[in-house]
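Residue numbers (my numbering), protein chains in the order written: chain A, 82 to 292; chain B, 30 to 357. C-beta atoms are modelled at their ideal positions from N, C-alpha and C, and glycine is treated no differently.
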Amino acid sequence: MSLTSLDPRVTRLNLPEGEAPAIEPKPELDQFETYEVFHQKKEGAAYTYVGPVHAPNEEVAFLFAKEQYSRRAACTGMWIARTEHIQVTPYAGDGENVYDMVRAQDPTEQSEQPEPYEIFHLKKRGKAHTHAGRVMATSYQEALQEARNQYGDKGPIVNVWVVMSKHVLQSAEEDKDMWTTIPEKKYREAIAYKVMDKITKYKEEHKTTAS
Amino acid sequence: MYGGGNVFEATKFDDLQTEDPVKLAEFEARIARGEKIEPNDWMPQLYRKQLIRMIEQHAHSEIIGALPEGTWITRAPGFRRKMAQMAKVQDEVGHAQLLYSAAETLGKTREQMLTDLINGKSKYSNVFNYPAFTWADSNIISWLIDAGAIVNQMANAKGSYGPYSRALERICAEEAFHLKYGHDAVVHMATGTPKQREMIQAALNRWWPPIMTFFGPSDKMSTHTETLMRWKVKMASNDECRQQFLDMYVPKIWELGLTVPDPNLKKNMETGQWEYTEPDWDEFKRVINGDGPCNAERLAVRRTAEERGAWVRRALLNPKAKYVRPLA
Ligand SMILES: [Fe+2]
Ligand SMILES: [Fe+2]
Ligand SMILES: [Fe+2]
Numbered sequence: 082m083s084l085t086s087l088d089p090r091v092t093r094l095n096l097p098e099g100e101a102p103a104i105e106p107k108p109e110l111d112q113f114e115t116y117e118v119f120h121q122k123k124e125g126a127a128y129t130y131v132g133p134v135h136a137p138n139e140e141v142a143f144l145f146a147k148e149q150y151s152r153r154a155a156c157t158g159m160w161i162a163r164t165e166h167i168q169v170t171p172y173a174g175d176g177e178n179v180y181d182m183v184r185a186q187d188p189t190e191q192s193e194q195p196e197p198y199e200i201f202h203l204k205k206r207g208k209a210h211t212h213a214g215r216v217m218a219t220s221y222q223e224a225l226q227e228a229r230n231q232y233g234d235k236g237p238i239v240n241v242w243v244v245m246s247k248h249v250l251q252s253a254e255e256d257k258d259m260w261t262t263i264p265e266k267k268y269r270e271a272i273a274y275k276v277m278d279k280i281t282k283y284k285e286e287h288k289t290t291a292s
Numbered sequence: 030m031y032g033g034g035n036v037f038e039a040t041k042f043d044d045l046q047t048e049d050p051v052k053l054a055e056f057e058a059r060i061a062r063g064e065k066i067e068p069n070d071w072m073p074q075l076y077r078k079q080l081i082r083m084i085e086q087h088a089h090s091e092i093i094g095a096l097p098e099g100t101w102i103t104r105a106p107g108f109r110r111k112m113a114q115m116a117k118v119q120d121e122v123g124h125a126q127l128l129y130s131a132a133e134t135l136g137k138t139r140e141q142m143l144t145d146l147i148n149g150k151s152k153y154s155n156v157f158n159y160p161a162f163t164w165a166d167s168n169i170i171s172w173l174i175d176a177g178a179i180v181n182q183m184a185n186a187k188g189s190y191g192p193y194s195r196a197l198e199r200i201c202a203e204e205a206f207h208l209k210y211g212h213d214a215v216v217h218m219a220t221g222t223p224k225q226r227e228m229i230q231a232a233l234n235r236w237w238p239p240i241m242t243f244f245g246p247s248d249k250m251s252t253h254t255e256t257l258m259r260w261k262v263k264m265a266s267n268d269e270c271r272q273q274f275l276d277m278y279v280p281k282i283w284e285l286g287l288t289v290p291d292p293n294l295k296k297n298m299e300t301g302q303w304e305y306t307e308p309d310w311d312e313f314k315r316v317i318n319g320d321g322p323c324n325a326e327r328l329a330v331r332r333t334a335e336e337r338g339a340w341v342r343r344a345l346l347n348p349k350a351k352y353v354r355p356l357a
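Structure, rendered in structure tokens:
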């Protein structure tokens with residue numbers, strides 16, 4: 082006997098009925114590695130962290146990110162970077178500045194020529210990291226020191242992310258129209274549902290029966 | 030979507046004696062100041078375990094919760110409703126992704142969570158072990174189950190763990206559409222033909238008992254619960270959530286001339302509390318432990334999807350990939 086469901090699509094799967102044996106634990110990376118996603122809410126705004134996606138490669142990560150983080154909210158641009166490529170400082174407390182706590186460190190790896198790095202700041206715990214700017218450096222450690230010199234005095238900063246610009250996949254300026262939402266999608270907005278009219282009409286018509 | 034139903038049991042990590050007292054004091058002071066905890070912070074074992082459990086169950090509830098409504102996409106009456114139902118179901122699956130990632134920051138991988146879901150080791154909201162017989166059932170889920178979920182999610186968004194709060198803020202924004210969409214669908218049926226009214230009333234009758242269990246049994250007030258409330262893991266008691274839900278939605282059900290199938294349901298004007306027939310917690314326990322009308326089907330569907338997609342994932346896997354926890 083196979084499983085019969087109220088859903089004809091499930092019935093057609095011909096699944097065995099009854100208890101199934103436990104599955105083997107999923108292998109590591111069955112769900113791929115993660116990418117961190119940043120979006121731009123409107124033209125000219127700083128890129129802001131929105132969350133991670135799991136994906137097998139950069140291209141798919143970009144598609145998943147677009148689906149997950151721009152489907153329901155205004156967006157004019159998106160950046161993604163492999164989690165592995167982002168260096169994270171310790172977290173300071175709210176109101177503190179983490180740049181005051183991190184000491185200059187020797188580079189673990191160094192390039193011959195200075196390269197661009199993107200710097201992201203978290204201003205308050207629980208909020209999202211936002212893009213502070215780009216610095217030129219020969220290592221992550223040097224990039225952090227540069228960031229401190231250039232942006233380190235801008236009020237409380239509880240955490241910093243540093244990532245080499247070449248590791249950030251950025252949506253292209255000429256592909257801008259991919260972010261425009263077609264107006265026919267109003268059915269997924271709360272304001273498209275005006276129930277009060279129907280309820281009022283119903284109540285009017287049933288005044289005698291309603292108590 | 031998600032219901033309490035979420036019983037916070039004592040665990041072996043309950044004993045805070047084993048925690049470093051200085052770090053514990055710092056951690057508690059941070060929460061007391063209203064600061065959020067971020068993934069790299071020191072945290073007590075109990076905090077980590079309970080949050081993983083809670084966020085994981087929430088994620089599973091979203092992904093399994095998409096199934097009863099997903100059933101009705103192909104048979105939704107009319108193109109606009111089909112599009113809206115599809116958008117809602119897609120949102121729910123998206124919620125699962127956000128939540129799995131939030132749980133992952135605490136150290137449990139998505140692979141482990143999915144394995145535990147399929148093997149019945151982790152739970153999801155018990156209401157999804159009941160079937161959606163008709164389109165009207167789907168409407169009741171869209172409206173009232175989501176309404177319950179929103180009560181929960183709004184409370185939890187104020188919790189102390191940064192990644193969970195961030196995910197919930199995003200989720201709550203999308204839930205506004207779910208709630209309006211569900212309400213609109215129910216109003217349409219309730220103000221329609223006698224047959225439509227009959228269908229929506231029947232669906233409400235079927236769903237009311239599970240809805241009343243949605244927030245879980247009354248919490249036993251123990252030191253354990255107190256600790257989790259102090260740490261802003263548990264933000265409101267199950268009864269508080271249930272009362273809030275009844276306050277907000279019973280009047281909206283009644284104004285449509287629908288009947289709630291509980292003769293004892295009324296608001297006590299002196300206490301300001303709703304009184305109701307105690308839900309059948311024995312049935313709740315039986316169903317959550319596997320013996321419900323749809324448990325087997327829900328897990329079989331999830332399992333099949335995982336198994337049939339496995340070769341695609343294997344083929345796509347970059348051999349140089351390396352697992353790193355998501356950052357925030
Ligand atoms: Fe939901
Ligand atoms: Fe949801
Ligand atoms: Fe929802």
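Original post:
Residues of chain B with a CB under 9 angstroms from the CB of residue 151 of chain A: which are they?
Top reply: Reading the first sequence from its first residue, position 70 is the one you call residue 151 of chain A. From the beta-carbon of residue 151 of chain A, no residue of chain B is found nearer than 9 angstroms; the closest lies around 11 angstroms away.
Original post:
So, does the CB of residue 144 of chain B fall closer than 8 angstroms to a CB anywhere in chain A?
Top reply: Working through the second sequence from its first residue, we reach residue 144 of chain B at position 115. Closer than 8 angstroms: yes.
Subject >> Secondary structure, beta strand (DSSP E): runs of 3+ residues fully inside the stretch 118 to 204 of chain B >> reply: Listed in chain order, there is nothing to give.
**OP:** Out of B:102, B:309 and B:106, point me to the one whose CA is closest to residue 114 of chain B's CA.
**Re:** The residue given as residue 114 of chain B occupies position 85 in the second sequence. In terms of Cα proximity to residue 114 of chain B, the closest of B:102, B:309 and B:106 is B:102.
**OP:** Evaluate contact between the stretch 147 to 162 of chain A and the stretch 139 to 148 of chain B, counting only Cβ atoms and requiring at least three cross-stretch pairs below 8 angstroms.
**Re:** The stretch 147 to 162 of chain A and the stretch 139 to 148 of chain B do not touch, with fewer than 3 CB-CB distances between them shorter than 8 angstroms.
Original post:
Is the CB-CB distance between residue 200 of chain A and residue 232 of chain A below 8 angstroms?
Top reply: For the purposes of this step, residue 200 of chain A is taken as residue 119 along the first sequence, with counting starting at 1. For the purposes of this step, residue 232 of chain A is taken as residue 151 along the first sequence, with counting starting at 1. Annotated as proximal: residue 200 of chain A and residue 232 of chain A, with beta-carbon spacing under 8 angstroms.
Original post:
Nearest-angstrom Cα distance between residue 105 of chain A and residue 319 of chain B?
Top reply: Here residue 105 of chain A refers to the residue found at position 24 of the first sequence. Here residue 319 of chain B refers to the residue found at position 290 of the second sequence. Our two residues, residue 105 of chain A and residue 319 of chain B, have alpha carbons roughly 20 angstroms apart in a direct line.
Original post:
Is the beta carbon of residue 230 of chain B less than 8 angstroms from the beta carbon of residue 287 of chain B?
Top reply: Here the question's residue 230 of chain B lines up with position 201 in the second sequence. Here the question's residue 287 of chain B lines up with position 258 in the second sequence. Taking the C-beta atoms as reference points, residue 287 of chain B is found nearer than 8 angstroms to residue 230 of chain B.
Original post:
So, do the stretch 177 to 188 of chain B and the stretch 270 to 285 of chain B have three or more beta carbon pairs nearer to each other than 8 angstroms?
Top reply: Yes, since at least three Cβ pairs between the stretch 177 to 188 of chain B and the stretch 270 to 285 of chain B fall closer than 8 angstroms, the two stretches touch.
Subject >> Start and end residues, alpha helix (DSSP H) containing residue 230 of chain A >> reply: Taking the first sequence and counting its residues from 1, one reaches residue 230 of chain A at position 149. It spans 221 to 232 - the alpha helix (DSSP H) in which residue 230 of chain A sits, taken as one unbroken run.
Original post:
Can you find a heavy atom of ligand 2 that lies under 7 angstroms from the Cβ of residue 253 of chain B?
Top reply: By 1-based counting over the second sequence, the position of residue 253 of chain B is 224. For ligand 2, not one heavy atom lies less than 7 angstroms from the Cβ of residue 253 of chain B.
**OP:** Starting from residue 280 of chain A, find everything on chain B with Cβ-Cβ shorter than 8 angstroms and list it in chain order.
**Re:** The count along the first sequence starts at 1 and reaches residue 280 of chain A at position 199. Within chain B, the residues near residue 280 of chain A are 216, 220, 284 and 285.
Original post:
If you drop the 5 nearest sequence neighbours on each side, which residues of the same chain put their C-beta closer than 8 angstroms to that of residue 281 of chain A?
Top reply: As a working mapping, residue 281 of chain A is identified with position 200 in the first sequence. Once the five neighbours on either side are set aside, residue 281 of chain A has no close Cβ partner at all.
**OP:** Decide yes or no for the touch test of the stretch 92 to 106 of chain B against the stretch 146 to 162 of chain B: beta carbon pairs closer than 8 angstroms, at least 3 of them.
**Re:** Result yes; three or more Cβ-Cβ pairs closer than 8 angstroms.
Subject >> Sequence-distant residues of its chain with Cβ nearer than 8 angstroms to residue 187 of chain A (five each side left out) >> reply: As a position in the first sequence, residue 187 of chain A is number 106, starting the count at 1. Cβ within range, chain order: 222.
Original post:
Does the Cβ of residue 261 of chain B have 16 or more other Cβ atoms within 10 Å, making it buried, or fewer, making it exposed?
Top reply: If you number the second sequence from 1, residue 261 of chain B lands on position 232. Buried: at least 16 other Cβ atoms inside 10 Å.
**OP:** Give a yes or no on whether the minimum CB-CB distance between residue 200 of chain A and chain B is below 8 angstroms.
**Re:** In the first sequence, residue 200 of chain A corresponds to position 119, counting from 1. Chain B contact via Cβ: absent.
Original post:
Quick one: does the C-beta of residue 200 of chain B sit closer than 7 angstroms to a heavy atom of ligand 2?
Top reply: Here the question's residue 200 of chain B lines up with position 171 in the second sequence. At least one heavy atom of ligand 2 lies closer than 7 angstroms to the C-beta of residue 200 of chain B.
**OP:** Could you name the residues of the same chain whose beta carbon sits closer than 6 angstroms to that of residue 227 of chain A, not counting the 5 residues immediately before and after it, in chain order?
**Re:** To locate residue 227 of chain A, count along the first sequence from 1; it is residue 146. The beta carbon of residue 227 of chain A sits closer than 6 angstroms to those of 216 and 218, all from its chain and outside the five residues before and after it, given in chain order.
Subject >> Beta-carbon proximity of residue 237 of chain A to residue 208 of chain A, cut-off 8 angstroms >> reply: Start at 1 with the first residue of the first sequence, and residue 237 of chain A comes out as number 156. Start at 1 with the first residue of the first sequence, and residue 208 of chain A comes out as number 127. No, Cβ-Cβ distance for residue 237 of chain A and residue 208 of chain A is not below 8 angstroms.
Subject >> Near-chain A residues of the stretch 151 to 182 of chain B (beta-carbon distance less than 8 angstroms), N- to C-terminal order >> reply: Hits within the stretch, in order: 160, 161 and 162.
Subject >> For residue 230 of chain B, three-class secondary structure by DSSP >> reply: As a working mapping, residue 230 of chain B is identified with position 201 in the second sequence. Helix.
Subject >> Close-in-space but distant-in-sequence residues of the same chain around residue 133 of chain B (CB under 7 angstroms, 5 per side omitted) >> reply: Position 104 of the second sequence holds residue 133 of chain B. The beta carbon of residue 133 of chain B sits closer than 7 angstroms to those of 139, 354 and 355, all from its chain and outside the five residues before and after it, given in chain order.
Subject >> Entirely enclosed alpha helix (DSSP H) segments - the stretch 84 to 111 of chain A, minimum 4 residues >> reply: Whole alpha helix (DSSP H) segments, 4+ residues: 89 to 92.
Original post:
Is DSSP giving residue 172 of chain A helix, strand or coil here?
Top reply: Counted from its first residue, the first sequence places residue 172 of chain A at position 91. Residue state, collapsed to three classes: coil.
Original post:
When burial is assigned at 16 or more other CB atoms within 10 Å of the CB, is residue 136 of chain B buried or exposed?
Top reply: Residue mapping note: residue 136 of chain B aligns to position 107 of the second sequence, counting from 1. The residue in question, residue 136 of chain B, is exposed, as its Cβ has fewer than 16 Cβ neighbours within 10 Å.
Original post:
Alpha carbon to alpha carbon, how far is residue 240 of chain A from residue 174 of chain A?
Top reply: Residue 240 of chain A sits at position 159 when you count from the first residue of the first sequence. Residue 174 of chain A sits at position 93 when you count from the first residue of the first sequence. Straight-line Cα distance between these residues: approximately 9 angstroms.
**OP:** Indicate whether the contact test is met: 3 or more Cβ pairs, each with one atom in the stretch 283 to 297 of chain B and one in the stretch 233 to 246 of chain B, closer than 8 angstroms.
**Re:** Contact between the stretch 283 to 297 of chain B and the stretch 233 to 246 of chain B is present, because at least three Cβ pairs lie under 8 angstroms.
**OP:** Just grab the DSSP bridge partners of residue 136 of chain A for me.
**Re:** Reading the first sequence from its first residue, position 55 is the one you call residue 136 of chain A. Paired residues: A:114.
Subject >> residue 335 of chain B and residue 66 of chain B closer than 8 angstroms at C-beta >> reply: Your numbering for residue 335 of chain B matches position 306 in the second sequence. Your numbering for residue 66 of chain B matches position 37 in the second sequence. In this structure, residue 335 of chain B keeps its C-beta atom at 8 angstroms or more from the C-beta atom of residue 66 of chain B.
Original post:
Within the 8 angstroms Cβ cut-off, does residue 136 of chain B reach chain A?
Top reply: In the second sequence, counting from the first residue as 1, residue 136 of chain B sits at position 107. Contact with chain A is absent for residue 136 of chain B, since none of that chain's Cβ atoms lies less than 8 angstroms from the residue's Cβ.
Original post:
How about residue 178 of chain B: is its Cβ closer than 7 angstroms to a heavy atom in ligand 3?
Top reply: For the purposes of this step, residue 178 of chain B is identified with residue 149 of the second sequence, where counting begins at 1. Yes, Cβ of residue 178 of chain B sits closer than 7 angstroms to a heavy atom of ligand 3.
**OP:** Pull up the DSSP beta-bridge partners for residue 119 of chain A, would you.
**Re:** In the first sequence, the residue the question calls residue 119 of chain A occupies position 38. For residue 119 of chain A, which the question treats as bridged, DSSP gives the partners A:130 and A:160.
**OP:** Confirm, please, whether the CB-CB distance from residue 130 of chain A to residue 165 of chain B is below 8 angstroms.
**Re:** Numbered from its first residue, the second sequence carries residue 165 of chain B at position 136. Numbered from its first residue, the first sequence carries residue 130 of chain A at position 49. No; because the gap between Cβ atoms is not below 8 angstroms, this pair is not in contact.
**OP:** Look at the alpha carbon of residue 47 of chain B and the alpha carbon of residue 191 of chain A, and state the distance between them as a whole number of angstroms.
**Re:** For the purposes of this step, residue 47 of chain B is taken as residue 18 along the second sequence, with counting starting at 1. For the purposes of this step, residue 191 of chain A is taken as residue 110 along the first sequence, with counting starting at 1. Pairing residue 47 of chain B with residue 191 of chain A, the inter-Cα distance amounts to about 42 angstroms.
Original post:
Quick one, which of B:43, B:68, B:72 and B:228 has its alpha-carbon nearest residue 54 of chain B's?
Top reply: Numbered from 1 along the second sequence, position 25 holds the residue referred to as residue 54 of chain B. Measuring from the Cα of residue 54 of chain B, the nearest candidate turns out to be B:72.
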